[in-house]
Amino acid sequence: MVCDVMNPIVGFLVNKATGRVLDTNEEKNIYTLKYNGGTYQRWQFQRQDDGSCVLQNLATSLVLDSNGYQMYTHDLNGGRYQKWRLYWNEDNFFVLLNLATSRVLDSNFEGQVYPSVGNGGDFQKWFFAQA
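Going by this note's numbering, the sequence shown opens with residue 6, and the numbers climb by one from there.
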């Protein structure tokens with residue numbers, strides 16, 4: 006599994022509903038785009054001592070962060086807003102739950118990415134493709 010091993014794993018996060026890939030930029034924005042294979046779409050999954058996961062972008066070295074209202078990237082600070090639990094489904098997709106907000110990583114066909122209350126929908130399910 007992606008975050009079950011101590012060695013960091015690098016890959017892409019693909020949304021089940023849209024097929025788009027989690028992406029970022031130097032302005033710390035989070036969104037999805039069609040797959041392009043670039044480093045802004047590559048994320049390193051780092052297991053934490055508490056079993057959670059931190060997702061660090063390869064291009065910016067910033068980590069996925071949330072305040073409960075929006076998603077963004079930020080410098081690593083070890084806080085709970087930067088820690089995620091992965092809940093796997095039987096179809097090999099997973100939901101990313103933020104430890105601080107208890108909201109999940111959600112998306113839409115417009116490429117927006119935002120935190121939401123979990124509803125079990127495909128826009129909240131992600132697939133890991135190893136780089």
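Every residue, glycine too, gets a C-beta built ideally from N, C-alpha and C. Owing to the predicted nature of the structure, the values given are computational and were not obtained by experimental measurement.
In chain order, what residues of the same chain lie with their CB nearer than 8 Å to the CB of I35, ignoring the 5 residues before and after it? The answer, listed in chain order, is L27, D28, T29, L69, M76, Y77, T78, V118.
Enclosing beta strand (DSSP E) for S4 [first to last residue]: Nothing about residue 4 can be read from this structure; the chain reaches only from 6 to 136.
Got a sec, what are the start and stop residues for the beta strand (DSSP E) N20 sits in? Counting along the chain, the beta strand (DSSP E) containing N20 begins and ends at 14-20.
For the beta strand (DSSP E) holding F132, just list the boundary residues, first then last. Segment 131-135, the beta strand (DSSP E) holding F132.
With the cut-off set at 8 Å, would you say F132 and K21 are in Cβ contact? Yes. Within cutoff.
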